[in-house]
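Numbering (the numbering used here) for the sequence shown: 2 to 87.
Think of the CB as a built atom: it goes at the ideal place given N, C-alpha and C, for glycine as much as any other residue.
Since the model is a prediction, treat every value here as computed from it, not as a measurement.
Notes for the one structure printed next.
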Amino acid sequence: MNAAEAKKLTNSSIPELSNMFIRNLENEIQTAARRGYFCTDLEIGKIENICSITNKVVEHFQKLGFETKVSDLDLTVKVSISWFKA
């Protein structure tokens, strides 16, 4: 595998990774709601194309009516989801 092939493979994984993080956050939302909370978050390690991935995750939850916030930490990106104002 050369560098161009590796880059193509990395870029092709964006939809799969986005969907994985969406499923993880959906599980976190259910758990938090059952415990009586109105928000939850997920920290994602900084990986290649993290901006594209977090944009897809944020867009998905905003379409569902959730309030979203993205925080750029040192080694991770934190996506916070709230349904308090829903």
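Practice problem: Kindly indicate the opening and closing residues of the alpha helix (DSSP H) around residue 1. | Solution: With the chain represented from 2 up to 87, any question about residue 1 goes unanswered, as that position is not in the structure.
Quiz item: When the Cα atoms are used, what is the spatial distance from residue 69 to residue 30?
Solution: Here the question's residue 69 lines up with position 68 in the sequence shown. Here the question's residue 30 lines up with position 29 in the sequence shown. Those two C-alpha atoms are separated by around 12 Å.
Quiz item: The beta strand (DSSP E) with residue 45 in it runs from where to where?
Solution: Here residue 45 corresponds to residue number 44 of the sequence shown, with the count starting at 1. Start and end: 40–46.
Quiz item: In whole angstroms, what separates the C-alpha of residue 16 from that of residue 33?
Solution: Taking the first residue of the sequence shown as position 1, residue 16 is located at position 15. Taking the first residue of the sequence shown as position 1, residue 33 is located at position 32. If you take the alpha carbons of residue 16 and residue 33, they lie about 25 Å apart.
Practice problem: With hydrogens ignored, establish whether the beta-carbon of residue 60 is closer than 7 Å to any heavy atom of the ligand SAH. | Solution: Looking at this structure, you won't find the ligand SAH or any other ligand, since it has none at all.
Quiz item: Can you round the beta-carbon distance between residue 59 and residue 78 to whole angstroms, since I take them to be within the 8 Å contact cut?
Solution: As a working note, residue 59 is residue 58 in the sequence shown. As a working note, residue 78 is residue 77 in the sequence shown. Wrong, their Cβ atoms sit about 11 Å apart, outside the cutoff.
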